[in-house]
Every structure is written in structure tokens, then in C-alpha cells.
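Peer 1:
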Amino acid sequence: MSATVQVIDLIETESLDDAEAMWRAVCGFLATQPGFLSGELLNTFQSIHPKGDYKFTSCCQWESDAAWQAARQAARENPELALRLRSRKAVFTAFKAELADGCGYQGSRGALDTMVLVDVIRLDEAQMAGYAAMWGCANAYMRTKPGYVGASLYRTLDLGNPIKFINLAEWESTEVFFAALDTPEFMAIIGPYKDDFSLYLSSKRTQVASAALAEAK
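Okay, so the sequence shown: first residue is 343 according to this note's numbering, each after it adds one.
(1) Please go through the same chain and pick out, in chain order, the residues whose beta-carbon is closer than 6 Å to the beta-carbon of M476, but skip the five residues on each side of it.
(2) Who are the near neighbours of F387 in its chain, counting only those whose CB is closer than 8 Å to its CB and skipping five residues on each side?
(3) Hey, could you find the ends of the alpha helix (DSSP H) A475 is sitting in?
(4) Can you give the beta carbon distance from E514 to T456, rounded, assuming they're within the 8 Å contact cut?
(5) If we call anything under 9 Å between Cβ atoms a contact, is R430 one with D360?
(6) In the DSSP assignment, find the alpha helix (DSSP H) that holds T516 and state where it starts and stops.
(7) What's the call for Q348, buried or exposed, on a 16-neighbour Cβ count within 10 Å?
(8) Between which two residues does the beta strand (DSSP E) harbouring L379 extend?
(9) CB-CB under 8 Å to T498, same chain, minus the five flanking residues each way: which ones, in chain order?
(10) Kindly give me the distance between the Cβ atoms of L459 and L541, rounded to whole angstroms, as I take these residues to be in contact under 8 Å.
(11) Taking buried to mean at least 16 other C-beta atoms within 10 Å of its own C-beta, is L501 buried or exposed?
(12) Any contact of the stretch 404-415 with the stretch 372-382, i.e. 3+ C-beta pairs under 8 Å?
(13) Beta-carbon within less than 7 Å of P421's beta-carbon, same chain only, minus the 5 sequence neighbours each way: which residues are those?
(14) Where DSSP assigns a beta bridge to G352, which residues make up the other side?
(15) Can you tell me where the beta strand (DSSP E) holding E527 begins and where it ends?
(16) Considering only their Cβ atoms, is the gap separating L383 from C369 smaller than 9 Å?
(17) Check for me: the alpha helix (DSSP H) holding A497 runs from which residue to which?
(18) Given E356, which residues of its chain have a CB within under 8 Å of its CB, disregarding the five upstream and five downstream residues?
(19) Can you give me the start and stop residues for the alpha helix (DSSP H) that R414 sits inside?
(20) Can you list, in chain order, the residues of its chain with a C-beta nearer than 6 Å to that of A521? Leave out the 5 residues immediately preceding and following it.
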């Protein structure tokens with residue numbers, strides 16, 4: 343559905359300040375590279391059925407996979423960034439994906455005070471088509487609820503990754519999200535997939551636009 347690539351990193355760390363400073367440095371460099379569209383750091387404030395202690399979620403959007411690969415190589419060849427990455431006090435779980443369904447998450451262009459749900463889905467490959475169909479029904483239902491902003495389902499580009507999808511859903515507040523979630527209708531829709539959800543309720547911490555977009559502003 344989309345030619346762009348979303349690079350999502352789930353970040354585990356005991357040093358929040360160090361991890362955020364490193365992200366700012368790395369994402370600031372990436373924003374100067376061709377093909378970078380936007381970057382955002384989300385801060386987890388509540389988790390439900392977590393399968394990892396992810397304190398942050400990094401979301402960076404690229405025009406293409408080739409642009410991302412070139413920028414990643416440039417970052418590795420930058421002495422200052424290479425030193426930061428070697429000495430980092432964080433564990434990154436990488437997820438490179440394409441948009442499978444939904445509006446397409448562009449956090450750096452949205453409101454700062456919304457809640458972003460990061461839903462990490464681990465499935466077998468054989469379950470992917472069924473899950474995607476269920477997600478479409480669930481999103482159509484949620485779209486009718488007060489406080490819904492938008493949702494995007496990202497599908498892995500690496501089928502060997504145990505994480506097959508990440509859902510990024512934006513709501514006006516945590517309260518309106520839980521009100522929509524706690525309904526018999528929604529529970530009936532998610533049915534056999536109800537135990538596959540791993541939810542990280544997050545706030546927007548830091549946003550970085552591409553250098554070209556920043557200059558345009």
C-alpha cells in the first residue's frame with residue numbers, strides 16, 4: 343500500500359536520559375540524510391501484557407528501504423555516532439516494516455498531547471493474513487468511537503522476525519481508549535487474537551522532521 347518504509351525500534355534501558363540523548367544525536371544525524379521523512383521518540387507510561395520492558399519506541403519514516411540502508415551506513419561511518427552506539431546503555435529490538443493497512447503514522451506532523459498505543463504482535467507466518475483481516479474490522483469499529491485519531495498497521499519486511507506486525511494507534515487520551523476497548527463488541531471482533539496483544543501506552547517525547555521539511559517551515 344505504501345512505498346515508504348517505517349523503521350521502528352523498541353528500546354529497553356535502565357538509563358532513560360542516556361537513551362534519549364543518544365536517540366536525539368542519532369536521529370538528528372539521520373534527519374540530514376536523503377530520504378528521511380520524520381522521526382519520533384515515544385515514551386512508555388503503561389504496558390499491558392508486555393513481552394519486553396520497552397521504555398521507548400522510536401519511529402522513523404523513510405522514502406525507501408534503499409534510503410534507510412544508505413543512511414544507516416553513513417551513521418556507522420560517523421566517528422562520533424559510532425562511539426555513542428558502541429557505548430550505549432540500551433537494547434534495541436529492530437522492526438523494519440511497510441504499511442499494511444490504516445492511515446499511515448506521521449507523528450511528527452500531529453498533536454503532541456495525544457496518546458499513542460504501540461501494539462507489538464508476535465505471530466506465526468501462517469496467522470498473518472487472518473490477523474490483518476481482524477485488524478481491519480477492529481479498526482473500522484474503533485473509528486466510530488469518540489477520541490479516535492487514527493491507526494496504522496505495519497507489517498514486517500523480514501518474515502524471520504518473530505514480531506510480524508506493529509499497530510500504532512493514536513487517541514485523544516488514555517481514558518477514551520479504554521472506554522472503546524472495554525466493550526463486548528470489540529472483544530468479539532478480536533476473538534482468537536486476544537492473547538496476542540502486547541500493548542505499550544505511550545506519550546510523544548521528541549520529534550524530528552527532515553532537514554528539508556524544517557527548512558520549509
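Backbone N, C-alpha and C define an ideal beta-carbon position, used for all residues, glycine too.
Peer 2: Short version:
(1) Closer than 6 Å at Cβ, skipping near neighbours: Y535.
(2) Within its own chain, the residues whose Cβ lies closer than 8 Å to the Cβ of F387, once the five positions on either side in sequence are excluded, are L543, S544, S545, listed in chain order.
(3) Residue range 470-484 is occupied by the alpha helix (DSSP H) that includes A475.
(4) The Cβ separation is near 6 Å, so the contact holds.
(5) Going by beta carbons, R430 and D360 fall inside the 9 Å limit.
(6) Under the DSSP assignment, T516 falls in the alpha helix (DSSP H) whose first and last residues are 516-523.
(7) Q348 is buried by the Cβ-count criterion.
(8) It spans 378-390 - the beta strand (DSSP E) in which L379 sits, taken as one unbroken run.
(9) Hits under 8 Å: F437, K438, A439, I505, K506, F507.
(10) That pair is a contact at about 6 Å.
(11) So L501 counts as exposed.
(12) Short answer: they touch.
(13) Answer for P421: no residue qualifies.
(14) A small correction: the amino acid at residue 352 is Leu; Gly does not occupy that position in the sequence shown. Partner(s): T399, T435.
(15) Per DSSP, E527 is not a residue of any beta strand (DSSP E); the alpha helix (DSSP H) it occupies stretches across 526-532.
(16) A contact, by the Cβ cut-off of 9 Å.
(17) The question names Ala, yet the displayed sequence has Arg at residue 497. R497 -> not in any alpha helix (DSSP H); beta strand (DSSP E) instead, spanning 490-498.
(18) Cβ within range, chain order: K431.
(19) R414: member of the alpha helix (DSSP H) spanning 407-419, first to last residue.
(20) If the five residues before and after A521 are omitted, its C-beta is found closer than 6 Å to no C-beta atom of its own chain.
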